[in-house]
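Residue 43 in full-length UniProt numbering is what sits at position 43 of the sequence shown, and the numbering runs on without skipping anything.
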Amino acid sequence: RDIVSQYDGAVCLLGDSGYSLSPWLITPFKPPRTHQEREFNLIHARERVIIERCFGQLKRRFPILGNCVRVALNNIPQVLVSCSVLHNIAKHLKDDFEYGDLDSIPNEDDQPGVVRYENPDTTLRG
1 RDIVSQYDGA
11 VCLLGDSGYS
21 LSPWLITPFK
31 PPRTHQEREF
41 NLIHARERVI
51 IERCFGQLKR
61 RFPILGNCVR
71 VALNNIPQVL
81 VSCSVLHNIA
91 KHLKDDFEYG
101 DLDSIPNEDD
111 QPGVVRYENP
121 DTTLRG
């Protein structure tokens, strides 16, 4: 939250329905009541898929990101930024890293053992 507050509303994050809507976090409508809300949810889902694919690429290139990162908590942001920068450099240099089938990134709802929390609090939407 400290990082987000630095941007004074110029940045927002996309979250799933397990989170509450906030000024800096956009979540889908649950349940969508109008055509516009359904359309919003489709666009929201499409954008989240792009983000999930990016995370999938990073986790394939840097397997440490798919497991427990064994560094001090305050160093995790630097690890994430470093992996992202190295990944972008490799892409720019046309690194021939094999990603496999990127379309097979599992949907969070389909992962066994993952406990999902549906947050019914959508009071900010009015």
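Cβ atoms here follow ideal geometry from the backbone N, Cα and C, with glycine treated the same way.
Look at the alpha carbon of residue i and the alpha carbon of residue j, and state the distance between them as a whole number of angstroms.
{"i": "residue 76", "j": "residue 66", "result": "13 Å"}
{"i": "residue 85", "j": "residue 68", "result": "20 Å"}
{"i": "residue 24", "j": "residue 73", "result": "23 Å"}
{"i": "residue 71", "j": "residue 42", "result": "37 Å"}
{"i": "residue 62", "j": "residue 83", "result": "7 Å"}
{"i": "residue 89", "j": "residue 52", "result": "20 Å"}
{"i": "residue 22", "j": "residue 36", "result": "20 Å"}
{"i": "residue 38", "j": "residue 16", "result": "15 Å"}
{"i": "residue 12", "j": "residue 81", "result": "18 Å"}
Using 10 angstroms around the beta-carbon of residue i, count the other beta-carbons present and answer buried if the total reaches 16, otherwise exposed.
{"i": "residue 93", "result": "exposed"}
Going by Cα to Cα distance, which pick from the options is closest to residue i?
{"i": "residue 14", "options": "89, 58, 63 and 44", "result": "44"}
{"i": "residue 55", "options": "22, 20, 18 and 87", "result": "87"}
{"i": "residue 95", "options": "20, 57 and 78", "result": "57"}
At least 3 beta-carbon pairs within less than 8 Å: the segment 21 to 28 vs the segment 39 to 54
The segment 21 to 28 vs the segment 39 to 54: in contact.
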